[in-house]
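Residue 177 in this note's numbering sits at position 61 of the sequence shown, and the numbers go up by one each step.
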Amino acid sequence: MIKIIEYKDLLEASKLMSIRWKKQSYFFPGIWQMHKNSINNYSLYLKNRINNENNMSMIEFKENSAVAVAISQEITPPEVYDPGLTCLIDSIVVKTSQISKKAASNLLTEITRIAERRGIVQNVIDVPIYEKFQAALLSSKNYSMCSKWWIGSSINYNIRNNSIDFTQQQDIKFTVALSALKRTQYEKVQPLFWKKAVNSDQSQYEYFMQELHVSKQDDSHIIMLTYKDGKSVKGFITGYVKELPVEYEKKKICVIDDFMVLKPELWLSVGKELYLEMAYIAFKKGAVGIKVVCGTHDIPKIKLMQDLNLMLASNWWTKDIRAEFLGR
C-alpha cells in the first residue's frame, strides 16, 4: 500500500530514515557520525521545510513486514544548465531487505507519477555505494549513472605550490572558459542532465563574480583557487565549507563541484596540486572531510580520485521521465 506521509507521521518517517544514517556512520565513520538526537532533529527539519516550502513529496510503501520510505524535492538546476524542472530523490530507505523488487519499483513509479504531474522532466537519485539493491532497481528501470561523489579527509599539512593562488578578478574569464569546456564535454554524454543554457557563459561569469566577492570576506565559507603557469590558467577549483545535515554530529565538510583543468593529462599534476591545497585550506577552516563530484564518464578525473585514495561514496542516477506515462 502506498500513502503520502502526513505531518503527523514525520517522527515515524524519521525513524525509518535513520537506517540510512546508521549505514553512513558505519561506512564513513571519519565524516558522518549519527547525532544522538538525529531522529528528533530530522523530524523538526522536515516540519520546517513543509511549513515553508511546497516542493517536497514524502511517500511510504508497505508490503507485509517490509516498509520503504522516499523523500523527494522539486529543484531548479543551476542557471548554466537548462534541462527543465528536476525531481531530486535524496532518500529511498528500505526497512527490511525482504522488500520485493516489485514493491520498490511501485514506490519509484509513484514518485515519478507525482513528479510528472508537476511538470518535472527528469528524476535524479542519489544512491550510496553500499545500496546495491537500489542500483540494480534503477538499472532495471532504465536509469543511467551520471555522477560519482567521492569522499576524502582534509589534511593538516601543506606543501606550498607557488603556481597556486587565490582566484582574482582577472582570472574569472579563464575559469569561465574552462567551465564552458567542461559543459560542452559533459553535455555530449548526458544531453538532458547537462543540457547547457543558452546564456550559460554569462550566467557562469556572474555566478563566479558573486562567489569571488564572498570568498574575499573574512572567514568566508567559499574557497576559490587558480593554478597559473605564467599568465596562463591551467586549472581552478572552488570549495564550499558547510555544516553536515542535522541528523549527523556537528561537523564541517568541504564540497567541491567546480573543478577543472585545461587538458585531461593535467589532472594528475595540476588537478592533484589544486586538490591538496584545497584540502589544507578546508582543514584550517574546520572541515573534517572533502566531497568531490565528477562525471561517471570522466575517466581522467576519476583516476585522480583514485590516486588521492578517495572513497567512492555514492552515485547519482538520472532518467528523462517525460514519456513515462504516455498512453496510460
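Ideal Cβ placement from N, Cα and C applies to all residues, glycine included.
Under 9 Å, do residue i and residue j count as touching if we go by C-beta distance?
i: residue 190; j: residue 171; result: yes
i: residue 289; j: residue 299; result: no
i: residue 82; j: residue 133; result: Absent from the model: residue 82. The displayed extent of the chain is 117 to 444, so no value can be given.
i: residue 390; j: residue 375; result: yes
i: residue 437; j: residue 238; result: yes
i: residue 403; j: residue 369; result: yes
i: residue 420; j: residue 384; result: yes
i: residue 230; j: residue 188; result: yes
i: residue 179; j: residue 219; result: yes
i: residue 162; j: residue 129; result: yes
i: residue 407; j: residue 371; result: yes
i: residue 221; j: residue 248; result: no
i: residue 166; j: residue 127; result: no
i: residue 139; j: residue 246; result: yes
Who are residue i's beta bridge partners in DSSP?
i: residue 68; result: With the chain covering only 117 through 444, there is no way to say anything about residue 68.
i: residue 266; result: 408, 428
i: residue 231; result: Its beta-bridge partners do not exist; DSSP assigns none.
i: residue 293; result: Bridge partners of residue 293: none, in fact.
i: residue 435; result: 239
i: residue 188; result: 173, 205
i: residue 251; result: None; residue 251 has no bridge partner.
i: residue 358; result: 369
i: residue 312; result: 197
i: residue 343; result: 280, 351
Please return the same chain residues whose Cβ sits closer than 6 Å to the Cβ of residue i, not counting the five positions on each side in sequence.
i: residue 310; result: 302, 303
i: residue 427; result: 267
i: residue 244; result: 430
i: residue 343; result: 279, 280, 350, 351, 386, 390
i: residue 198; result: 311, 313
i: residue 416; result: 380, 383
i: residue 200; result: 237
i: residue 241; result: 205, 433
i: residue 395; result: 270, 271, 406
Return the chain-ordered list of same chain residues with a C-beta closer than 7 Å to the C-beta of residue i, the five sequence neighbours on each side being excluded.
i: residue 217; result: 253
i: residue 378; result: 294, 350, 351
i: residue 228; result: 239, 437, 440
i: residue 330; result: 336, 338
i: residue 465; result: Summary: the structure shown does not reach residue 465, with the chain confined to residues 117 through 444, and so no result is reported for it.
i: residue 277; result: 389, 393
Between which residues of its own chain and residue i is the CB-CB distance below 8 Å, once the five residues before and five after are set aside?
i: residue 223; result: 118, 175, 177, 184, 186, 208
i: residue 131; result: 155
i: residue 325; result: 285, 288
i: residue 157; result: 151, 362, 363
i: residue 296; result: 316, 317, 320
I believe residue i touches residue j by the beta-carbon criterion, under 8 Å. Please report the beta-carbon distance rounded to the nearest angstrom.
i: residue 264; j: residue 412; result: 6 Å
i: residue 424; j: residue 388; result: 7 Å
i: residue 405; j: residue 147; result: 4 Å
With respect to 8 Å, is the separation between the Cβ of residue i and the closest non-hydrogen atom of the ligand COA below this value?
i: residue 336; result: For the ligand COA, the structure offers nothing, since it holds no ligand at all.
Examine the Cβ distances between the stretch 395-405 and the stretch 251-269 and report whether three or more of them are shorter than 8 Å.
-> Contact holds: three or more Cβ-Cβ distances are below 8 Å.
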